[in-house]
Each structure stands twice: as structure tokens, then as C-alpha cells.
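Trainee: For the protein sequence lines, the chains are A and B, in the order given. For the first sequence, the positions run 2 to 327 when this note's numbering is used. For the second sequence, the positions run 4 to 335 when this note's numbering is used. We treat Cβ as the ideally placed atom computed from N, Cα and C, and that holds for glycine. Sharing a structure with you now.
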Amino acid sequence: MTNMTMIEAIRDAMRCELERDPTVMVFGEDVGHVGGVFRATEGLQKQFGATRVFDTPLAESGIGGLAVGLGVQGFRPVAEIQFIGFIFETMDQICSQAARMRYRSGGRYSAPIVFRTPFGGGVKAPELHGDSLEGLMVQTPGMKVVIPSNPYDAKGLLISAIRDDDPVFYMEHLKLYRSFRAEVPDEPYTVPIGVAGVVREGSDVTLITYGAMVHTAVQAADELQRTRGASVEVIDLRTVMPLDIETLVTSVKKTHRAIVVQEAQRTAGVAAEVIAQVTEEAILHLEAPIMRITAPDTVMAFGQIEEEWLPSVARIVAGLVHVLDF
Amino acid sequence: MEAQHAAGSWTEALWRRCYETVVRARTYDEMAHVLQRSGKVAFHVSGIGQETAQAAAACALNTETDLFFPYYRDYAFMIALGMSVDELMLSLFLKAADPNSGGRQMVGHFGCKRLRVFTGSSPVATQIPHAVGAAYAARLRGEEAVAFVSFGEGSSNQGDFHEGCNFAGVHQLPVIFFCQNNRYAISVPERWQVAGRIVDRAHGYGFTGVRVDGNDAFAVYDAVRTARDRARAGEGPTLIEAMVYRIQPHSTADNDLLYRTREEIEQHRARDGCSAMRAYGIEAGMWSMAQEDALRAQCAHALKQAIEYAERAPYADASTLCDHIVAEGGQR
Ligand SMILES: Cc1ncc(C[n+]2csc(CCOP(=O)(O)OP(=O)(O)O)c2C)c(N)n1
Ligand SMILES: [Mg+2]
Chain A
2 MTNMTMIEAI
12 RDAMRCELER
22 DPTVMVFGED
32 VGHVGGVFRA
42 TEGLQKQFGA
52 TRVFDTPLAE
62 SGIGGLAVGL
72 GVQGFRPVAE
82 IQFIGFIFET
92 MDQICSQAAR
102 MRYRSGGRYS
112 APIVFRTPFG
122 GGVKAPELHG
132 DSLEGLMVQT
142 PGMKVVIPSN
152 PYDAKGLLIS
162 AIRDDDPVFY
172 MEHLKLYRSF
182 RAEVPDEPYT
192 VPIGVAGVVR
202 EGSDVTLITY
212 GAMVHTAVQA
222 ADELQRTRGA
232 SVEVIDLRTV
242 MPLDIETLVT
252 SVKKTHRAIV
262 VQEAQRTAGV
272 AAEVIAQVTE
282 EAILHLEAPI
292 MRITAPDTVM
302 AFGQIEEEWL
312 PSVARIVAGL
322 VHVLDF
Chain B
4 MEAQHAAGSW
14 TEALWRRCYE
24 TVVRARTYDE
34 MAHVLQRSGK
44 VAFHVSGIGQ
54 ETAQAAAACA
64 LNTETDLFFP
74 YYRDYAFMIA
84 LGMSVDELML
94 SLFLKAADPN
104 SGGRQMVGHF
114 GCKRLRVFTG
124 SSPVATQIPH
134 AVGAAYAARL
144 RGEEAVAFVS
154 FGEGSSNQGD
164 FHEGCNFAGV
174 HQLPVIFFCQ
184 NNRYAISVPE
194 RWQVAGRIVD
204 RAHGYGFTGV
214 RVDGNDAFAV
224 YDAVRTARDR
234 ARAGEGPTLI
244 EAMVYRIQPH
254 STADNDLLYR
264 TREEIEQHRA
274 RDGCSAMRAY
284 GIEAGMWSMA
294 QEDALRAQCA
304 HALKQAIEYA
314 ERAPYADAST
324 LCDHIVAEGG
334 QR
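Structural data, given as C-alpha cells:
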């Protein structure tokens with residue numbers, strides 16, 4: 002066990018897999034010599050050499066396409082896109098090439114790539130650096146989408162993603178990179194993709210979220226416990242595609258009420274999908290409509306007013322109160 | 004083709020405009036660095052080492068007619084076009100009155116309709132095909148405009164660069180592609196970005212490429228003026244590769260000594276275009292140390308006032324969050 006930040010856990014996952022599997026490769030802009038602009042890959046080139054861990058030219062479509070080419074040749078590329086907003090440069094390679102390779106080739110080829118990218122609000126990262134674009138990826142058949150909320154899950158999920166035979170879009174929340182440490186096993190281990198985690202058990206209402214919002218949600222749950230003795234079950238999705246609908250439905254059948262919190266804009270996002278699926282499976286168990294606490298349908302807010310844009314403890318508490326009093 | 008030294012054609016007024024722009028940009032940039040280090044602003048991206056090329060290019064263009072697509076290090080270019088230090092400061096402090104984006108984007112993401120500067124954004128090279136489209140529009144309307152777009156050497160690897168150049172070549176559009184080759188794209192040196200010479204790419208797209216020493220204002224001016232004349236004559240685009248050097252780290256968030264040496268930086272600092280220009284001015288009897296002192300004092304004063312102004316200026320209000328997403332009165 003080592004006490005690690007999330008970024009150290011992410012680095013450790015890559016180190017473990019580079020060590021275990023000679024087909025694993027790590028590349029992207031600035032990831033080689035200096036170890037990435039956030040230092041997620043620091044030391045990996047030194048340890049594994051510049052053939053397996055390297056800097057690419059500044060061209061994301063090239064990075065995505067290179068990963069596909071390596072993938073169909075049996076390699077396991079871990080490609081970093083320096084900031085979430087620069088996936089747009091390589092949307093074709095990610096969404097219509099990597100994600101559909103298995104389908105198009107009738108299962109003869111696959112693209113077992115991990116696309117890693119930082120994202121997320123709360124650190125005053127501007128537009129295209131802090132956006133939450135998971136919704137685009139969730140609507141990409143063939144793509145799995147993973148968003149860890151803590152160091153332990155980050156390592157286990159990244160190892161699962163690298164070992165997965167299909168492409169995985171792995172999103173690293175900027176606010177969580179170095180905000181806290183947790184015990185992480187030194188050896189390789191996996192946290193399964195597609196399985197949510199119950200962060201805290203409760204009986205009155207289910208609070209479903211992911212990424213940095215897990216921590217905001219826990220604060221809201223604490224506040225509600227304090228102010229009105231309500232018991233909130235907090236669920237961390239961990240994977241937003243595919244959704245672990247079973248865990249969600251089991252919880253809602255117990256609490257009969259739920260809210261979903263996401264940093265992303267409101268319309269047609271993960272929260273909307275969670276609500277649709279839970280409603281389909283458990284409508285007769287619900288005592289109140291399932292509420293969404295999200296950012297508004299605007300461009301990612303600029304830093305000075307970001308706090309108003311992102312879901313806050315107060316807004317989550319208000320949402321919980323609304324469904325409890327419905 | 005290497006551009007010829009053309010100092011002879013410069014008037015004193017032109018030299019002054021260019022040199023004063025370089026000094027204004029340099030002093031602004033140094034102050035922005037100090038403001039970031041003292042915690043007054045969050046972030047700064049420096050243009051130090053590239054000002055001479057930028058200012059000389061701007062002086063060779065027509066600010067009344069041309070269309071501008073600068074990139075985030077183009078402070079000297081913007082100052083030459085007419086952006087004030089007050090405006091740059093508002094942008095640095097991310098205040099609502101910033102004419103570039105009202106504090107909605109990172110610093111250095113220029114855009115100013117008054118100055119014919121089209122709004123850019125973070126993803127590098129996206130402005131290149133915009134310039135091509137704007138040049139096409141100008142031609143359709145029969146306007147006297149030439150589109151000028153600048154970008155880094157790393158960014159010239161993006162598809163947007165190649166697609167923009169290709170279209171401009173096919174249609175012989177009035178575009179000047181101005182690559183500021185400062186030898187690094189964050190930590191990655193030119194050697195790992197491109198195997199050949201960027202300037203040579205022009206031939207592949209069927210137009211002229213010129214490489215110039217970006218520290219030589221006369222050479223840059225000449226190359227841009229020639230490119231502009233060519234564009235105006237309907238002879239198509241030009242790719243200019245200005246060889247410069249990024250003296251500062253990539254941004255205030257970068258530690259450049261992880262990937263280059265202090266000696267290398269000092270070698271390039273010694274070739275600074277600003278000092279070369281000043282030496283030329285003094286030599287030619289156009290400038291004196293007294294004038295230099297007066298200019299520096301004027302810059303310091305303007306900066307002090309700009310900082311006070313920007314510090315007092317309000318941030319954009321949260322109520323403006325939903326503004327400008329779609330046209331007012333349009334449908335959501
Ligand atoms: C599409 C895209 N990918 C990555 C980035 C992150 N990024 C910002 S500046 C930069 C380096 C740019 O290098 P260069 O084009 O040489 O310009 P310079 O900064 O050296 O002036 C990178 C990788 C970005 N802004 N846009
Ligand atoms: Mg560069």
C-alpha cells in the first residue's frame with residue numbers, strides 16, 4: 002500500500018501495465034520527456050524507453066489514428082489527449098474509427114485503445130479545458146466511458162481499461178488530480194468497468210453521481226443528515242457507459258427517491274439517461290420524480306463565475322429536499 | 004528563397020512605429036509576468052522573443068483593409084494594429100470589459116471587431132482555415148483585403164493547417180500564412196515535430212514559401228510586403244516561416260528547464276531583435292538613449308494606469324452566463 006494522489010495512481014496503473022504487457026504503449030503531446038503537462042506519465046519514458054513512451058507531434062487526429070493503427074496490429078495504446086477540448090480534433094478517429102472497428106470488421110479487428118484526457122470544472126480551467134464531454138462519448142456505440150473519483154478506483158479502472166479488448170475513454174478530473182491522497186495497493190489490480198460503487202449506504206433517498214461531484218454529493222449528504230436526519234445513499238457511477246443499472250435500481254427500490262448530479266450541461270446527458278433507465282425499471286417504486294442537478298445548457302462557464310455554474314452543495318441539498326418533501 | 008535585407012526602404016516613421024511597438028509589447032509582457040508571479044493574475048503566455056517579427060509583419064499590412072487571425076503570442080501584432088495596453092490588461096485580468104472575449108476565454112485569445120481581428124480559440128490551428136474562408140469571402144465581394152494568419156510551428160502539424168493551405172492554393176486566395184517558428188511546442192522541440200522544413204510545405208500546396216530571420220525586422224517586413232503584393236495581384240497565398248525563439252517558458256505554468264538549457268536560452272537572448280533594432284536606430288541617427296528612456300518611462304506609466312484600471316474593472320456578472328449562446332430573440 003502507498004498513499005497516493007489520483008494522478009500518482011494513474012501513473013502507477015500505466016507503469017504496472019507497461020511492465021506486465023509488452024504491447025502496451027503510452028504516447029501523446031508532451032507525455033514522453035517531461036511526462037505530460039500534468040506529469041501523469043512522469044518517469045515512464047525513462048523506465049520503459051522512448052519506443053514505448055513517446056512525444057507525438059502536435060496533431061490529435063494523428064494521435065488517434067496512430068492508436069487505431071497500432072491497435073489493429075495487436076498493440077494496446079494508451080493515448081493522451083492533452084485537454085478534453087482537443088478531442089474535437091480527433092473525433093473521427095475516436096468515435097467513428099476506433100469505436101466502430103470491431104463492428105465494421107465483423108469482429109476481425111479491434112482497437113483496444115485507452116484515450117486518457119483531463120477534464121472538469123472547479124479549478125478555473127477555461128472553456129475547452131474544463132468541459133465535461135462524456136455525453137458525446139456515451140452516444141458513441143463501441144466506446145466505454147470511465148470516470149474515476151478517487152485514487153483507488155483510478156488505478157483499478159485504468160488497468161481494466163488497458164486490458165479491455167475495446168476502446169475506453171478514460172476521463173481524469175482536474176480537481177481530483179492532487180486534491181487528496183488515499184491508500185492504493187502497489188501491485189496491479191482491477192476495478193471492473195460497468196460496476197458502480199455505493200459510496201455511502203442510506204435509506205431515504207439515492208444520490209447518483211460521478212467524478213468530482215461524488216465529493217460534493219457526500220458533503221450534501223452530510224448536511225442533510227445534520228439538518229434533518231435524512232439518510233442519503235450516495236452512488237458513484239464510476240463508469241458512465243455502460244451504466245450499472247442494477248445497482249441503481251436496487252438502491253431506488255429501497256429508498257423510493259433519487260436525484261442525479263452531473264457537472265455537464267443539462268440536456269441529453271448522463272443524468273437524463275440514468276433517469277430514463279431507472280424510470281423504465283422501477284417507476285412503480287418511485288415516490289417522487291427523479292431530479293437532475295446539472296450545469297445549465299451553456300458553454301462551460303468562465304472562471305470568475307464557474308462556482309455559480311457548477312452544481313453546488315446548496316443546490317444538491319435543495320434537490321434532495323425537493324424529492325424528500327414531494 | 005531567402006528574403007533580402009531591405010533596410011534602405013524604411014522611413015524613420017516606419018522604423019519608429021515598429022520599434023515602439025516592440026518595446027510596448029516587451030514591457031507589457033514583462034509586467035504580465037510580474038503580475039502573475041505576485042498572484043494578481045492567474046496565467047500569462049509570453050510572446051517575448053517574437054515581438055520583432057510580429058511588429059514588422061503588422062507594419063507591412065494594411066490595417067484598414069486586411070483581415071487578421073493572430074495567435075496567443077501576438078501581443079506586438081495586436082499593439083501594432085491598435086489594441087491598447089488598457090485593453091490587454093483587461094484581458095489579462097479577465098474582466099468584463101475585455102474587448103477580446105469579456106473574460107470568457109484564456110488570455111491571448113484575441114478577437115476585436117474594431118481592429119478587423121477575428122475571434123480565435125484554444126485549439127491551435129483552427130484559425131487557419133478561418134483565414135482562408137475569410138479571404139474567399141473578400142474575393143467574392145471584390146474587396147481589397149488580404150487575410151493574415153499566424154500560428155506556431157507545432158501547430159503547423161494539425162490537419163487544419165494542411166487543409167487550409169490546400170484550399171488557398173487551389174483557389175489562389177489572398178492569404179499570408181505566418182508561421183512563428185519558436186523552436187518548441189511546449190516541451191517538444193522542432194526536431195520531433197517536423198522532419199523537413201516547414202517553409203518547404205508551401206511548394207506541396209502550389210504556392211511560395213519564404214523563410215526569414217524573425218529577429219530581422221527589415222527581412223520580415225519585406226517578406227510580408229512582397230507576400231501582400233502577390234496576394235493583391237491575384238497570385239495567391241504565401242507561407243512565411245519566421246525563425247524566432249521562445250525566450251520564456253511555454254506559459255507561467257511551464258518549467259522549461261526540464262527540456263532545454265539556460266545556455267541555449269541565453270544564446271538566443273543575445274540575438275534579440277529588439278536590441279538589434281534599437282542599435283540600428285541609434286546607428287542611423289533616428290534614435291537616442293534619451294528617447295529610449297522617454298519611451299520606457301511612457302510605457303511604465305501607461306502600464307501602471309492600465310493595471311489600476313483593470314484591477315478596478317468588474318468581472319462579468321453571473322447573469323451574463325446565458326448571453327450570446329444564440330441570437331437574442333432566436334429560438335432555444
Ligand atoms: C488542438 C490543440 N491541441 C493541444 C493544445 C495544447 N497546446 C497549447 S499551446 C501548445 C503548443 C503549441 O506549439 P506551437 O504551435 O509551436 O506554438 P508556440 O506555443 O510554440 O508558440 C499545445 C500543445 C491546443 N491548444 N490545441
Ligand atoms: Mg512553437
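Could you check whether the region 174–189 of chain B touches the region 101–118 of chain B, counting it as contact only if at least three pairs of C-beta atoms, one from each stretch, sit closer than 8 Å?
Mentor: They do not touch, by the three-pair rule.
Trainee: Within the present structure, is the beta-carbon of Y262/B separated from the nearest heavy atom of ligand 1 by less than 7 Å?
Mentor: Here residue 262/B refers to the residue found at position 259 of the second sequence. No, ligand 1 has no heavy atom inside 7 Å of this Cβ.
Trainee: Going along the chain, which residues of its own chain have a beta-carbon closer than 6 Å to the beta-carbon of F170/A, five neighbours each way excluded?
Mentor: Indexing the first sequence from 1 puts residue 170/A at position 169. If we look at F170/A and ignore the five residues flanking it on each side, its Cβ neighbours are F116, M138, M144 and V146.
Trainee: Let me make sure I understand the geometry here. Which of Q263/A, M292/A and A265/A has the alpha-carbon closest to that of I276/A?
Mentor: Taking the first sequence and counting its residues from 1, one reaches residue 276/A at position 275. Cα-wise, what sits closest to I276/A is M292/A.
Trainee: Return the residues of the region 49–77 of chain A that lie within a Cβ-Cβ distance of less than 9 Å from chain B, sorted by chain order.
Mentor: For the region 49–77 of chain A, which is checked against every Cβ of chain B, the residues closer than 9 Å are F55, D56, T57, P58, L59, A60, E61, S62 and G63.
Trainee: Using only CA atoms, which one of I310/B, A330/B and G332/B lies nearest to E90/B?
Mentor: Here residue 90/B refers to the residue found at position 87 when the second sequence is read from its first residue. The residue with the shortest Cα to Cα distance from E90/B is I310/B.
Trainee: Tell me whether E156/B, by its Cβ, gets closer than 7 Å to a heavy atom of ligand 2.
Mentor: Start at 1 with the first residue of the second sequence, and residue 156/B comes out as number 153. Flag set: Cβ of E156/B near ligand 2.
Trainee: What first and last residue would you give for the beta strand (DSSP E) that runs through K145/A?
Mentor: The residue given as residue 145/A occupies position 144 in the first sequence. Looking at the DSSP string, the run of the beta strand (DSSP E) that includes K145/A is K145 to V147.
Trainee: Indicate whether at least one CB of chain B lies closer than 8 Å to the CB of V35/A.
Mentor: For the purposes of this step, residue 35/A is taken as residue 34 along the first sequence, with counting starting at 1. Yes, V35/A counts as interfacial toward chain B.
Trainee: Who are the neighbours of K125/A on chain B, taking C-beta pairs under 7 Å?
Mentor: Walking along the first sequence from the start, residue 125/A turns up at place 124. Near K125/A (Cβ distances below 7 Å), the residues of chain B are A45.
Trainee: Measuring CA to CA, which of T241/B, D225/B, Q53/B and E15/B is closest to C277/B?
Mentor: The residue you call residue 277/B lines up with position 274 of the second sequence. Among T241/B, D225/B, Q53/B and E15/B, the Cα nearest to that of C277/B is on Q53/B.
Trainee: If distances are taken between C-alpha atoms only, which option among I246/A, A14/A, I163/A and D154/A comes closest to A68/A?
Mentor: For the purposes of this step, residue 68/A is taken as residue 67 along the first sequence, with counting starting at 1. Here the closest residue by C-alpha is I163/A.
Trainee: Output yes if chain A places a C-beta closer than 8 Å to the C-beta of C325/B; else output no.
Mentor: Indexing the second sequence from 1 puts residue 325/B at position 322. Closer than 8 Å: yes.
Trainee: Please name the residue, chosen from G44/A, V261/A and A319/A, that lies closest to E234/A on a Cα-to-Cα basis.
Mentor: Against the first sequence, residue 234/A aligns to sequence position 233. Here the closest residue by C-alpha is V261/A.
Trainee: In angstroms, rounded to a whole number, what distance separates the CA positions of D296/B and R40/B?
Mentor: For this step, residue 296/B is matched to residue 293 along the second sequence. For this step, residue 40/B is matched to residue 37 along the second sequence. Whole-angstrom Cα-Cα distance: 26 Å.
Trainee: Residues in the same chain with beta-carbon distance under 6 Å from H253/B, minus the five sequence neighbours each way, listed in chain order, please.
Mentor: Translated into the one-based positions of the second sequence, residue 253/B becomes position 250. Here the set comprises I189.
Trainee: Please confirm whether H257/A has its beta-carbon closer than 8 Å to some beta-carbon of chain B.
Mentor: Within the first sequence, residue 257/A is the residue found at index 256, counting from 1. H257/A does not count as touching chain B.
Trainee: Going by the CB atoms, is the gap between G157/B and V110/B shorter than 8 Å?
Mentor: As a first step, residue 110/B must be located in the second sequence, where it is residue number 107. As a first step, residue 157/B must be located in the second sequence, where it is residue number 154. Not in contact: V110/B and G157/B (Cβ atoms no closer than 8 Å).
Trainee: Using a Cβ-Cβ cut-off of 8 Å, state whether A41/A counts as contacting chain B.
Mentor: Here residue 41/A is taken as the residue at index 40 of the first sequence, counted from 1. Cβ-Cβ to chain B under 8 Å: no for A41/A.
Trainee: How far does the beta strand (DSSP E) with M214/A in it extend, from its first residue to its last?
Mentor: Taking the first residue of the first sequence as position 1, residue 214/A is located at position 213. Looking at the DSSP string, M214/A is not in any beta strand (DSSP E); the run it does join, the alpha helix (DSSP H), is M214 to R229.
Trainee: What would DSSP say about C62/B, mapped onto helix, strand or coil?
Mentor: Against the second sequence, residue 62/B aligns to sequence position 59. Residue state, collapsed to three classes: helix.
Trainee: With a cut-off of 8 Å, does the C-beta of E281/A fall near any C-beta of chain B?
Mentor: Within the first sequence, numbered from 1, the residue matching residue 281/A stands at position 280. No - not a single Cβ of chain B is within 8 Å of the one on E281/A.
Trainee: Name, please, each residue of chain C whose Cβ falls closer than 8 Å to the Cβ of P119/A.
Mentor: Note that chain C does not occur in the displayed structure, where the protein chains are A and B.
Trainee: State yes or no: is the C-beta of V25/B within less than 8 Å of the C-beta of T55/B?
Mentor: Indexing the second sequence from 1 puts residue 25/B at position 22. Indexing the second sequence from 1 puts residue 55/B at position 52. For V25/B and T55/B, yes; Cβs fall inside 8 Å.
Trainee: Could you check if L260/B is buried or exposed, using at least 16 other CB atoms within 10 Å of its CB as the buried criterion?
Mentor: Translated into positions along the second sequence, residue 260/B becomes position 257. So L260/B counts as exposed.
Trainee: Could you name the residues of chain A that A188/B contacts, counting a contact when the two beta carbons are closer than 7 Å?
Mentor: The count along the second sequence starts at 1 and reaches residue 188/B at position 185. In chain order: L59.
Trainee: Look at the Cβ atom of A245/B, then the Cβ atom of V215/B, and state whether they are nearer than 8 Å.
Mentor: As a working note, residue 245/B is residue 242 in the second sequence. As a working note, residue 215/B is residue 212 in the second sequence. Yes.
Trainee: Is A188/B a contact residue of ligand 2, with contact defined as CB to any heavy atom under 7 Å?
Mentor: Position 185 of the second sequence, counted from the start, is the residue given in the question as residue 188/B. True, at least one ligand heavy atom lies under 7 Å from that Cβ.
Trainee: From A28/B, Y262/B and T241/B, pick the residue whose C-alpha is nearest to that of F80/B; which is it?
Mentor: Residue 80/B sits at position 77 when you count from the first residue of the second sequence. With distances taken between Cα atoms, F80/B lies closest to A28/B.
Trainee: What distance in whole Å lies between the Cβ atoms of H133/B and F221/B, which are believed to be in contact at a cut-off of 8 Å?
Mentor: Residue mapping note: residue 221/B aligns to position 218 of the second sequence, counting from 1. Residue mapping note: residue 133/B aligns to position 130 of the second sequence, counting from 1. About 30 Å separates the two Cβ atoms, so there is no contact after all.
Trainee: Report all residues from its chain with a CB closer than 7 Å to the CB of C115/B; omit the five preceding and five following residues, and keep chain order.
Mentor: Against the second sequence, residue 115/B aligns to sequence position 112. Hits under 7 Å: M86, P102 and N103.
Trainee: Leaving out five residues on either side along the sequence, give the residues of the same chain with a beta carbon under 8 Å from the beta carbon of A330/B.
Mentor: Looking up residue 330/B in the second sequence gives position 327. Closer than 8 Å at Cβ, skipping near neighbours: no residue.
Trainee: Could you tell me if G198/A is buried or exposed, where buried requires 16 or more neighbouring beta carbons within 10 angstroms of its beta carbon?
Mentor: The residue you call residue 198/A lines up with position 197 of the first sequence. By the neighbour-count rule (16 or more Cβ atoms within 10 Å), G198/A is buried.
Trainee: What residue range is occupied by the uninterrupted alpha helix (DSSP H) comprising N160/B?
Mentor: Here residue 160/B refers to the residue found at position 157 of the second sequence. No alpha helix (DSSP H) contains N160/B, which DSSP labels as neither H nor E.
Trainee: Taking Cβ-Cβ distances below 7 Å as the criterion, which residues of the region 145–175 of chain B are in contact with chain A?
Mentor: Cβ contacts with chain A: G157, S158, N160, Q161 and G162.
Trainee: Just list the residues that DSSP pairs M246/B with in beta bridges.
Mentor: Taking the first residue of the second sequence as 1, we reach residue 246/B at position 243. Its beta-bridge partners are N184/B and D216/B.
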